[in-house]
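Input: a single structure, listed below in structure tokens.
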Amino acid sequence: MSGVVCAIRGGPHSQPTIDKAISLAGETGLPLYFLYIVNLDFLAHTLSTRTHTINQEMEQMGEFILLAAQRRAADQGITAETVVRHGNVGEEIVKLCQELSADYLVLGRPQLDDEEANVFTNARLRLFVELVKAESGTDVILLEGYER
Amino acid sequence: MSGRAYATLAAVLLVLLAGLIISFTHGTALAQESQPDGRSEMVFLVTGTIVDRQNLPVKNALVTLIDGATNETLAEGITQPDGRYAMNLDRPVPDQIIMHIERPHFHETDIELGKEAIQTLHLGQPVGVPEVVLARKVTPAFWIATLVFVGVLVLIATGTLHNTLAALLGMAVVLGVSYLGEPINNGLFIFYFQGALAYVDWNVIFLIMGMMMVIAVVERTGIFQWMAFMAYRTSGGRTWLLVIILMLITGIASAFLDNVTTMLLMTPISVQIALALGIMPLALIIPEVFASNVVGISTLIGTPTNILIGSYAHITFTDFLINLTPGVLMALLGLIIYSLLVYREDLSTDGGHGTSDVLLDKLAERAQITEPEHLRKAAWVGAGMLFLFVFGEHIHLIPAVTAIIGATALLIWIRPNIDEMIEAVDWTTLVFFIALFIIVGAVQEVGLISFIAELIGQAVGDNLLLAMLAVIWLSALLSTVIANIPFTAAMLPVVAFLTATIPGASNKALFFCLSVGSAMGGNGSLIGASANMVTAGIADRAGFPITYAYFFRKGFPALLITVGLATIWLLIRFLLLPS
């Protein structure tokens, strides 16, 4: 297996990342996978036990965001598959790249107010790119200043 | 009945009668033995009440009657929760009696009983000692408890520790200092474990637990997704109408469920509707969270702060409905107009990507009641609970009992996976409340709350209008930076003091002011309410981050509008209309 993995969160900042992944899939002819990861870290300081329903709701929201991306790809003649995972964002991206033996991973580069609040801070991103390459052999394409 | 049977019955009766006579005479003899000086009919009873400077009863004070000549202890008593004590002298009454009162965190006090009182005692008549006011003493424990309380508020506000962990840490410190510090220095004592537990309001704990179980059933039925989709359908593509309907749904749901749960369920589906319509999701979810914080206070069970206030001040479900709902409706109307104005551009579908039929089809596909049977049963039980909340107060049925009865009935009726249901109860929140009660109890015990109450009391004097404005706006503004649950818990004794001392405040107006201020104040900042944080978290995961600055820009004007309108109502209700 091989392909282009595009990890997205949704929102206007994701659109250039999605477009880049679609064009890359078109150029290379590789299958395209949009990935959304359900991560409930934001509940860490309020709720911690009632995650069952929240997980379901977030999964449905993720599927919806991916569906929108899938439609965008379809409009450009590209068939894309969608994948929703639960857990740590970085770990799940690496896992999927490994499972698919992905050729490319398309990521947006964060524009963060709070450097500590996100797994994809600029400092950590470099380490993460190296990790993805080392763990899965996948090339990482970063779109500067788009994805949050 | 045979003659033999009659004889047996008569014998049994005789034995019983004999036993009765023996026990009576023996008891009398014992009583007489205990009163060898022939004073068997005399009662040397000394009673009275001890209060603090806020005129609140002082419980657990040790009152000792001492013979003024010999320093011998004559009798001892402990004050009850209402501050009363009663002691019986079991020996001859001396000519001089000193009443010694001691209690941690108060100055020790000695009072000499007057000659008239001693004469009365000599006559065997009870003596009522005039009310004694104990003065507070600032001990090292005062500063420790104060620092712990402030520290917990800071830890919660900054998110350094989980709310529950922060509260547990605070509880551990106040108890640890009491037990480990007291042997070193008496002034470090705050309270013992039993004393700490006395501050835990179990009515609140069980009410929240019962409601959590009911909510756990309701939230899995898909009702919120269905209602949100019906809102879209009803609006017919008119986004302004969609916002209004979603605000109403969220508000009404928040009046019966907790705000965090409501927003956890409403936010994801609202994001999906917005994406399908090609509009900015924040234009839907920010007005929803505003509505949730405002309308939640209509009922006793709508917000944790109302549960705290209702339990402490004995304010019933109906009281909240009658006294707050008109103000809430006024505030909601103002909020709707404000939201539509603020988000008028974001609600426009002209500049967006337009409506997506594929996404709308997906929405329609998902908008189904997934567990209709559970929903039907939950509706019946919910209606029964509502009935008991409203009418149960006539038979002194406390809300916690109603919640437990309702939750148990529902669980037995639907027979869910009990492990899942137990998991659905947010135990960390319950532990948070228990620890919080103990921390607030600590600052109450050492006198911080009395000190604050005295300051506010001096500032507002006897002016109820001023007191109402102070409580509403102080709590609203402070709730933007302080977690409103600990704030409300700490303010309850303060408001109780003001209610007891300000003429005309006995209608509990100030408690309703606290309810409005602490809940609606949550709209002023992102950290003002847990529902805000949860909503922001979900929106961020959908790629629409809500920053502190963004929320403040939208939320603070909402606070001014809603609290302003609610203030007008409260002033009309409690100053102009008859109570």
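Chain order of the listed sequences is P and U. Sequential numbering from 4 applies to the first sequence in the numbering used here. Sequential numbering from 210 applies to the second sequence in the numbering used here. Using N, Cα and C, we set each Cβ at its ideal position, and we do this for glycine too.
Scan the region 745-767 of chain U for residues whose Cβ lies nearer than 8 Å to a Cβ of chain P and list them as they occur along the chain.
-> Those residues of the region 745-767 of chain U that come within reach of chain P (Cβ to Cβ, closer than 8 Å) are Ala745, Gly746, Ile747, Asp749, Arg750, Ala751, Gly752, Phe753, Pro754, Thr756.
Using only alpha-carbon positions, find the residue among Lys763(U), Leu595(U), Asn693(U), Ile424(U) that is nearest to Leu509(U).
-> Comparing alpha-carbon positions, the option among Lys763(U), Leu595(U), Asn693(U), Ile424(U) lying closest to Leu509(U) turns out to be Leu595(U).
Look at the alpha carbon of Glu118(P) and the alpha carbon of Ala270(U), and state the distance between them as a whole number of angstroms.
-> For Glu118(P), the predicted structure reports a pLDDT of 46, less than 50, and the residue's modelled location is therefore unreliable. The matter cannot be settled from this model.
Sorted by chain position, which residues of the same chain lie with C-beta nearer than 6 Å to Thr85(P)'s C-beta, five sequence neighbours on each side aside?
-> Phe37, Leu69, Gln73, listed in sequence order.
Excluding the 5 residues preceding and the 5 following Tyr757(U) in the sequence, name in chain order all residues of the same chain whose CB lies nearer than 6 Å to its CB.
-> Counting only Cβ-Cβ distances below 6 Å, and skipping sequence neighbours, we find Leu735.
Under three-state DSSP, which class holds Asn741(U)?
-> Secondary structure at Asn741(U): helix, using DSSP grouped into helix, strand and coil.
Taking Cβ positions, are Gly609(U) and Leu416(U) nearer each other than 7 Å?
-> The displayed chain sequence assigns Ala, not Gly, to residue 609(U). If you check the CB distance, Ala609(U) and Leu416(U) come in under 7 Å.
Does Glu311(U) get closer than 7 Å to chain P when you measure Cβ to Cβ?
-> Chain P, which has no Cβ nearer than 7 Å to the Cβ of Glu311(U), makes this no.
Which whole-angstrom value describes the C-beta separation of Asp261(U) and Val267(U), a residue pair presumed to lie in contact below a C-beta threshold of 8 Å?
-> About 5 Å separates the CB atoms of Asp261(U) and Val267(U); that is less than 8 Å, so the two are in contact.
Among Ile623(U), Phe760(U), Ala407(U), Val480(U), nearest to Gly65(P) - alpha-carbon criterion | Of all alpha-carbon atoms in Ile623(U), Phe760(U), Ala407(U), Val480(U), the one lying nearest the alpha-carbon of Gly65(P) is that of Val480(U).
What residues in the region 630-648 of chain U have a beta carbon less than 8 Å from any beta carbon of chain P?
-> Residues of the region 630-648 of chain U with a C-beta less than 8 Å from any C-beta of chain P: Glu632, Ala633, Val634, Asp635, Trp636, Thr637, Thr638, listed in chain order.
Run through DSSP, which three-state label would Ile578(U) get?
-> For Ile578(U), the three-state secondary structure derived from DSSP is coil.
How would you list, in chain order, the residues of chain P whose beta-carbon sits under 7 Å from the beta-carbon of Gln171(U)?
-> Because chain U spans 210 through 788 in this model, residue 171(U) falls outside it and cannot be assessed.
Starting from the Cα of Gly445(U), find the closest Cα among Trp435(U), Leu486(U), Phe526(U) and give me that residue.
-> Closest option to Gly445(U), Cα to Cα, is Leu486(U).
Specify the secondary structure class of Ile307(U) as computed by DSSP and reduced to three states.
-> Correct three-state label for Ile307(U): strand.
Check the Cβ-Cβ distances between Ala126(P) and every residue of chain U, and say whether any is below 7 Å.
-> Not closer than 7 Å to any Cβ of chain U, the Cβ of Ala126(P) fails to qualify, so no.
May I ask you to list the residues that DSSP assigns as paired with Tyr36(P)?
-> Tyr36(P) pairs with Val8(P), Glu84(P).
Which residues bound the alpha helix (DSSP H) around Met418(U)?
-> Counting along the chain, Met418(U) sits inside the alpha helix (DSSP H) bounded by residues 411-427.
Same chain, Cβ closer than 6 Å to Ile307(U), five either side skipped, listed in chain order = Ile275, Gly277, Asp319, Glu321.
Between Pro712(U) and Leu362(U), which are expected to be in contact by the criterion C-beta below 8 Å, what is the C-beta distance as a whole number of angstroms?
-> Their Cβ separation, rounded to whole angstroms, is 33 Å, which puts Pro712(U) and Leu362(U) out of contact at 8 Å.
Give a yes or no on whether the minimum CB-CB distance between Leu786(U) and chain P is below 7 Å.
-> Residue-level contact check: Leu786(U) does not touch chain P, since none of the beta carbons of chain P fall below 7 Å from its beta carbon.
Which partner residues of Asn297(U) appear in the DSSP bridge assignment?
-> Leu254(U).
By Cβ distance below 8 Å, which residues in the same chain neighbour Ile461(U) in space, the five residues on each side in sequence not counted?
-> The answer, listed in chain order, is Val504.
Indicate whether at least one CB of chain U lies closer than 7 Å to the CB of Pro33(P).
-> It should be pointed out that residue 33(P) corresponds to Leu in this sequence rather than to Pro. Chain U, which has no Cβ nearer than 7 Å to the Cβ of Leu33(P), makes this no.
Candidates Val725(U), Val302(U), Ala748(U), His331(U): which alpha carbon is nearest Leu530(U)'s?
-> If you compare the alpha carbons of Val725(U), Val302(U), Ala748(U), His331(U) with that of Leu530(U), the shortest gap goes to Val725(U).
Can the beta-carbon of Ser501(U) be found less than 7 Å from the beta-carbon of Thr471(U)?
-> Yes, they are a contact pair.
Residue from Asp628(U), Glu311(U), Asn693(U), Thr258(U) whose Cα sits closest to the Cα of Asn372(U) = Comparing Cα-Cα distances from Asn372(U) to each of Asp628(U), Glu311(U), Asn693(U), Thr258(U), the minimum goes to Asn693(U).
Separation of Tyr408(U) from Pro290(U), as counted between CA atoms | Taking the CA atoms as reference points, Pro290(U) sits about 12 Å from Tyr408(U).
Would you mind stating whether Val825(U) and Ile310(U) have Cβ atoms separated by less than 7 Å?
-> Residue numbering for chain U in the displayed model covers 210 to 788; residue 825(U) lies beyond these limits and cannot be assessed.
Hey, does Gln481(U) have any beta-carbon neighbour from chain P nearer than 7 Å?
-> Gln481(U) belongs to the set of residues whose beta carbon lies under 7 Å from a beta carbon in chain P.
Reducing DSSP to helix, strand and coil, say where Ile755(U) ends up.
-> If DSSP states are grouped into helix, strand and coil, Ile755(U) belongs with coil.
Let me know the secondary structure DSSP gives Tyr401(U) once reduced to three states.
-> When DSSP states are grouped into helix, strand and coil, Tyr401(U) belongs to the coil group.
What residues in the region 669-700 of chain U have a beta carbon less than 9 Å from any beta carbon of chain P?
-> Residues: none.
Three-state class that DSSP yields for Asp106(P) in the structure shown | Under the three-state reduction of DSSP output, Asp106(P) falls in the coil class, being neither helix nor strand.
Beta-bridge partners of Phe499(U), as assigned by DSSP | DSSP, once it has assigned bridges, lists no residue as partnering Phe499(U).
List in chain order: all unbroken beta strand (DSSP E) runs of 3+ residues lying wholly within the region 481-569 of chain U.
-> As far as the region 481-569 of chain U is concerned, it has no whole beta strand (DSSP E) run of at least 3 residues.
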